[in-house]
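Asker: 644 is the number that the numbering used here gives the last residue of the sequence shown; the numbers go up by one with no jumps. We treat Cβ as the ideally placed atom computed from N, Cα and C, and that holds for glycine.
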Amino acid sequence: MLGVFDSGFGGLTILKPIHHLLPTTSTMYLGDNARAPYGIRTQEEIFQFTLEGVRFLFDQECPLVILACNTASSQALRRIQQTILPFEYPDRHVLGVIRPAAEYLAKRGNRVGILATPATVESEAYIHELYKLNPAIKVSQIACPGLTDLIEAGCTDHALCDRLVHDCARNLIVKDPYIEEVLLACTHYPLVASIFRKHLPKSIHVLNQGHMVATNLEFYLTRHPEIDSRLEKTGKRTYFTSSGEDISSLASMFYGEDIQFTKIQVS
Ligand code: DGL
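#1: Using the Cβ count rule (16 or more neighbours within 10 Å means buried), how would you classify Y415?
#2: Go through its chain and collect everything with a Cβ distance to I395's Cβ below 6 Å, but skip five positions before and after it.
#3: Could you give the first and the last residue of the continuous alpha helix (DSSP H) run that contains L541?
#4: Taking the straight line between their C-alpha atoms, what separation do you get for K567 and T615?
#5: What do you reckon, is the C-beta of D468 under 7 Å from a heavy atom of the ligand DGL?
#6: Could you tell me the alpha carbon to alpha carbon distance between M405 and N511, rounded to whole angstroms?
#7: Is it right to say N447 is buried, meaning 16 or more other beta carbons lie within 10 angstroms of its own, or is it exposed?
#8: Give the DSSP-derived three-state secondary structure of Y566 in the structure shown.
#9: Can you find a heavy atom of the ligand DGL that lies under 7 Å from the Cβ of C521?
#10: To the nearest angstrom, how far is it from the Cα of I581 to the Cα of D436?
#11: Given D605, which residues of its chain have a CB within under 7 Å of its CB, disregarding the five upstream and five downstream residues?
#12: Where do the N-terminal and C-terminal ends of the beta strand (DSSP E) with Q452 fall, by residue?
#13: Would C563 pass as a contact of A493 if the rule is Cβ separation under 8 Å?
#14: Which value, in whole angstroms, describes the spacing of the CA atoms of I636 and H543?
#15: Looking at the secondary structure, which residues open and close the beta strand (DSSP E) in which Y616 lies?
#16: To the nearest angstrom, report how far apart I391 and R455 are at their CA atoms.
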């Protein structure tokens, strides 16, 4: 199975395009909803929680896990790849969502905006990746603290959510009024994409990374048939959460069709 990990609901915005592009690949989703948001936590906490999620998915026999979370990708991916996999799981793989999005963005324009969690912004992962790919690029970043909490609570149509998105969008434009592309660089934010669209100037393209990640994954699997052949192809879809609450109806609303989550213990 292909493992997909997020701090909560956000990874569903990555999972859906993966299901669309690779419909027969069986997937196992884990949302650590009980401990979301990750974006305001320390690097050590994000690393430990992400590693626990990855270990859980490895224990369920996932040979490949996608960290469908920018915060986990920016704060834990490299450390997992360098200090855990070679010693404990030499035949397993973990990929993130930042590199595929940076590759797409770097080709699109020279002035980009990044809206992300405080931890992703602080890591400067997007700045580093984008400059490596396009040294002429100008990157402006804004953190949106509090937004993941509102989305996790299902408050996407509350006035507070609208206000918060408005303020983040305005702060980004104040930083660089000439931005051409804005990436919703937290997988939760596409769940309120229409609010970002409303508050950003019409001339700006607002981009979600789901399709970028799914396309990149498809290409990765064609380059690595030895990994692809280890992924079950019965189209089975399994959803796990660390939350003790029944999150299935909210998740179904976000995913756009009925999905059922099972509670598990990650720590
Ligand atoms: N969805 C995650 C991301 O892409 C993290 C949100 C959070 O837990 O703060 O960054």
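Answerer: Here's the rundown:
#1: buried
#2: If we look at I395 and ignore the five residues flanking it on each side, its Cβ neighbours are A591.
#3: 536–552
#4: In the sequence under discussion, the amino acid at residue 567 is Pro, which differs from the Lys named in the question. Taken atom to atom, the span from the alpha-carbon of P567 to that of T615 is near 22 Å.
#5: no
#6: 35 Å
#7: buried
#8: The answer is helix: DSSP assigns Y566 an H, G or I state.
#9: no
#10: Roughly 43 Å between the two C-alpha positions.
#11: So the qualifying residues of the chain are L598.
#12: Looking at the DSSP string, Q452 is not in any beta strand (DSSP E); the run it does join, the alpha helix (DSSP H), is 447–452.
#13: yes
#14: 31 Å
#15: 614–618
#16: The straight-line gap from Cα to Cα measures roughly 20 Å.
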